[in-house]
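Engineer: Numbering of the sequence shown is given in full-length UniProt numbering, commencing with residue 1 and proceeding in unit increments.
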Amino acid sequence: MSIPTPHNTAKKGDIAKKVLMPGDPLRAKYIAETYLENPVCFNTVRNMLGYTGTYKGREVSVMGGGMGIPSVGIYTYELYNFYDVDAIIRIGSAGALQDDINVMDVVIAMGACTDSNFASQFKLPGTFAPTASYELLARAVEVAKEQGTPVRVGNVVSSDVFYSDDPGSSDAWRKMGVLCAEMECAGLYMNAARAGKQALGILTISDHMYREEAISAEARQTSFNKMMEIALGV
Numbered sequence: 001m002s003i004p005t006p007h008n009t010a011k012k013g014d015i016a017k018k019v020l021m022p023g024d025p026l027r028a029k030y031i032a033e034t035y036l037e038n039p040v041c042f043n044t045v046r047n048m049l050g051y052t053g054t055y056k057g058r059e060v061s062v063m064g065g066g067m068g069i070p071s072v073g074i075y076t077y078e079l080y081n082f083y084d085v086d087a088i089i090r091i092g093s094a095g096a097l098q099d100d101i102n103v104m105d106v107v108i109a110m111g112a113c114t115d116s117n118f119a120s121q122f123k124l125p126g127t128f129a130p131t132a133s134y135e136l137l138a139r140a141v142e143v144a145k146e147q148g149t150p151v152r153v154g155n156v157v158s159s160d161v162f163y164s165d166d167p168g169s170s171d172a173w174r175k176m177g178v179l180c181a182e183m184e185c186a187g188l189y190m191n192a193a194r195a196g197k198q199a200l201g202i203l204t205i206s207d208h209m210y211r212e213e214a215i216s217a218e219a220r221q222t223s224f225n226k227m228m229e230i231a232l233g234v
């Protein structure tokens, strides 16, 4: 496919080698306006906003990826394969599954379990284990320590279902030590693996699936600063 694509009006060279990808395009706008110097908007198709600017002298882009693996799968595939992006760092929200994880904690997704059928397209003779780039993961942990931000590193689950008809599904992931639930990391990691590129998911806990704890939709857009600053520092 040639560029621009049906989903992205950027031309080659408009997007940096490293892209931060929140699900919410308004969070992408917030990051660009808050952290980047001289941000330029390269995409407005479907209001999936994307910007390129500089952070501490280094070029970086930020773009929304939408909700769910089908959406993030489209945007990350195009970035890796059509726009020559080398690394994508998902920065998003997640629901805690374990008792010792609290709202506003930061989780780095070392691995991403999933109930999605996304991997079937690769026709593998077994089960693929989607994992983060070790280089990005190690650097993120280092940056978090430098910033004084505690992080948890481990398995997350990327689910295709937000409103599950199975009330026991969370219990099943919880008993396997999965830290939190979200909807995109597994697709991102699989696309990165297939393209020979790098990927990482850094998540902020927005709600707890076993306690009455949650933050507002507005706060999700603007208050995940620790996560954003780790991603920018990687």
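Just so it is clear, CB atoms sit at the ideal spot from N, CA and C, and this is done for glycine as well.
Quick check: Met183 and Ser158, are their CB atoms within less than 8 angstroms of each other?
Structural biologist: Contact flag set, yes.
Engineer: Looking at C-alpha atoms only, which residue of Val151, Leu49 and Phe82 is the closest neighbour of Gly66?
Structural biologist: The shortest Cα separation from Gly66 among Val151, Leu49 and Phe82 belongs to Leu49.
Engineer: Pull the bridge partners of Ile89 from the DSSP assignment, please.
Structural biologist: Per DSSP, Leu20 and Leu200.
Engineer: Relative to the C-alpha of Val156, which residue among Ala172, Asp86, Thr127 and Val107 is closest?
Structural biologist: It is Val107.
Engineer: Is the beta carbon of Tyr55 closer than 8 angstroms to that of Tyr35?
Structural biologist: Yes, Cβ-Cβ distance for Tyr35 and Tyr55 is below 8 angstroms.
Engineer: Helix, strand or coil, according to DSSP, for Pro70 in the structure here?
Structural biologist: Pro70 falls in the helix class under three-state DSSP.
Engineer: Consult DSSP for Asn43 and reduce its assignment to one of helix, strand or coil.
Structural biologist: In this structure, Asn43 counts as strand in the three-state DSSP scheme.
Engineer: Alpha carbon to alpha carbon, how far is Cys180 from Pro39? Give it in angstroms, no decimals.
Structural biologist: Going from the Cα of Pro39 to the Cα of Cys180 covers about 32 angstroms.
Engineer: Closest to Leu20 by CA distance: which of Gly201, Pro6 and Glu213 is it?
Structural biologist: Selected option, being the one with the closest Cα: Gly201.
Engineer: Which same chain residues, not among the five before or five after Asp86, have their C-beta less than 8 angstroms away from its C-beta?
Structural biologist: These residues qualify, in order along the chain: Lys17, Lys18, Lys197 and Gln198.
Engineer: Buried or exposed: Gln121, going by 16 or more other Cβ atoms within 10 Å of its Cβ?
Structural biologist: Result: exposed.
Engineer: By a C-beta neighbour count over all protein chains shown, 10 Å radius and 16 as the cutoff for buried, is Ser116 buried or exposed?
Structural biologist: The residue in question, Ser116, is buried, as its Cβ has 16 or more Cβ neighbours within 10 Å.
Engineer: CA-CA distance, Ala231 and Ala140?
Structural biologist: Each residue's alpha carbon lies about 7 angstroms from the other.
Engineer: Does the Cβ of Lys145 have 16 or more other Cβ atoms within 10 Å, making it buried, or fewer, making it exposed?
Structural biologist: Exposed: under 16 other Cβ atoms inside 10 Å.
Engineer: If contacts are defined as beta-carbon pairs under 8 angstroms, then Asn8 and Glu78 qualify, I think. What distance do you get, rounded to the angstrom?
Structural biologist: Rounded, the Cβ-Cβ distance is 6 angstroms, consistent with contact.
Engineer: Could you check what DSSP says for Ser158 in three-state terms: helix, strand or coil?
Structural biologist: Strand at Ser158.
Engineer: Per DSSP, what kind of secondary structure is Ser206 in: helix, strand or coil?
Structural biologist: Looking at Ser206 - three-state DSSP - the assignment turns out to be strand.
Engineer: From Ile89, Ser93, Arg46 and Met63, pick the residue whose C-alpha is nearest to that of Phe162; which is it?
Structural biologist: With distances taken between Cα atoms, Phe162 lies closest to Ser93.
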